[in-house]
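Asker: Those sequence lines, one after another, are chains A and B.
Letter 68 of the first sequence, counting from 1, is numbered 67 in the working numbering, and no numbers are missing.
If you want the working numbering, it's the position in the second sequence, counting the first as 1, plus 2.
The beta carbon of each residue, even a glycine, is placed where N, CA and C say it ideally should be.
First, the structure itself, so that you have it in front of you.
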Amino acid sequence: ETGVTQTPRHLVMGMTNKKSLKCEQHLGHNAMYWYKQSAKKPLELMFVYSLEERVENNSVPSRFSPECPNSSHLFLHLHTLQPEDSALYLCASSQDPGLDIQYFGAGTRLSVL
Amino acid sequence: SQKIEQNSEALNIQEGKTATLTCNYTNYSPAYLQWYRQDPGRGPVFLLLIRENEKEKRKERLKVTFDTTLKQSLFHITASQPADSATYLCALGGSYIPTFGRGTSLIVHP
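Below, the structure written as structure tokens:
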């Protein structure tokens, strides 16, 4: 295991639902990330948190709302998603943002119907 | 804009041979380059990091080269095994957050 745990592993939701993805890291890292991975596309960085402060938001639609209550936990709140939002959502952590190795969770496979 | 290219076609090789994967980049001057392995349905796992002032890095059966003139990194797996079958991602970093390529699938046949 990488020390980064994501739940749930799979999620199916309708376009009008509200759900949340959870990520927890047991590595004592200061930075946490959300990525989106779609088929045949590179990893897309969505959000970066450093010491619980959001430091990057890559023009992500407002239907995705991150929350970082402490340096070990990261959430991604989802509402009124579109079918094109179906993807693998990966959480990662690193000691510090930037020049550092990233440790990824196993991801949440999201399907929006 | 920055661009990272990894061969989108899967690389098929026989067990025991050396696999060589390529990562090319443009409009970028990375301070370092990382290689990750990703298995289906899992997150990427870090393998190796090489800095801009290093030409080569090794770890067990893995070797990475970094040519900042050619803007290219090569990732080699010697004596490949079926268990090496996975997707391999390169990531370039320097200013802040690494930028990932889309990865190349490696299939090692017994």
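Using CA coordinates, which residue listed in A/Trp33, A/Glu51, A/Gly27 and A/Ser70 is at the minimum distance from A/Gly87?
Answerer: The amino acid at residue 87 of chain A is misidentified as Gly; the sequence shows Leu. Residue A/Trp33 is the option with its Cα nearest to A/Leu87.
Asker: Under a three-way DSSP split, which group does B/Asp41 fall into?
Answerer: coil
Asker: Going by DSSP in three states, B/Ala85 sits in which element: helix, strand or coil?
Answerer: helix
Asker: Shortest alpha-carbon distance to A/Gly106 belongs to which of A/Pro41, A/Cys22 and A/Thr15?
Answerer: A/Cys22
Asker: Name the residues in the stretch 25 to 57 of chain B whose C-beta lies less than 9 Å from a C-beta of chain A; which are they?
Answerer: Ala33, Tyr34, Gln36, Tyr38, Gln40, Gly43, Arg44, Gly45, Pro46, Val47, Phe48 and Leu51
Asker: Could you give the residue range of the beta strand (DSSP E) that holds B/Tyr27?
Answerer: Ala21 to Thr28
Asker: Please work out which residues of its chain come closer than 6 Å, Cβ to Cβ, to B/Ala12, disregarding the five sequence neighbours upstream and downstream, and give them in chain order.
Answerer: Ser107 and Ile109
Asker: When DSSP labels each residue in this structure, what does B/Glu11 get in the three-state scheme?
Answerer: coil
Asker: For my contact list, A/Glu83 and A/His76 are in at a C-beta cut-off of 8 Å; report their separation, rounded to the angstrom.
Answerer: The beta carbons of A/Glu83 and A/His76 sit about 18 Å from each other, so the pair does not count as a contact at 8 Å.
Asker: Just the Cα atoms here: how many angstroms apart are B/Arg39 and A/Leu89?
Answerer: 14 Å
Asker: For A/Val3 versus A/Gln24, is the C-beta distance shorter than 9 Å?
Answerer: For A/Val3 and A/Gln24, yes; Cβs fall inside 9 Å.
Asker: State the start and end residues of the unbroken beta strand (DSSP E) segment that holds A/Met45.
Answerer: Glu43 to Ser49
Asker: Residues in its own chain within less than 6 Å of B/Thr80 by CB, not counting five upstream and five downstream?
Answerer: Thr20 and Arg63
Asker: Taking Cβ-Cβ distances shorter than 9 Å, what residues in chain A pair up with B/Arg104?
Answerer: Lys39, Lys40, Pro41 and Leu42
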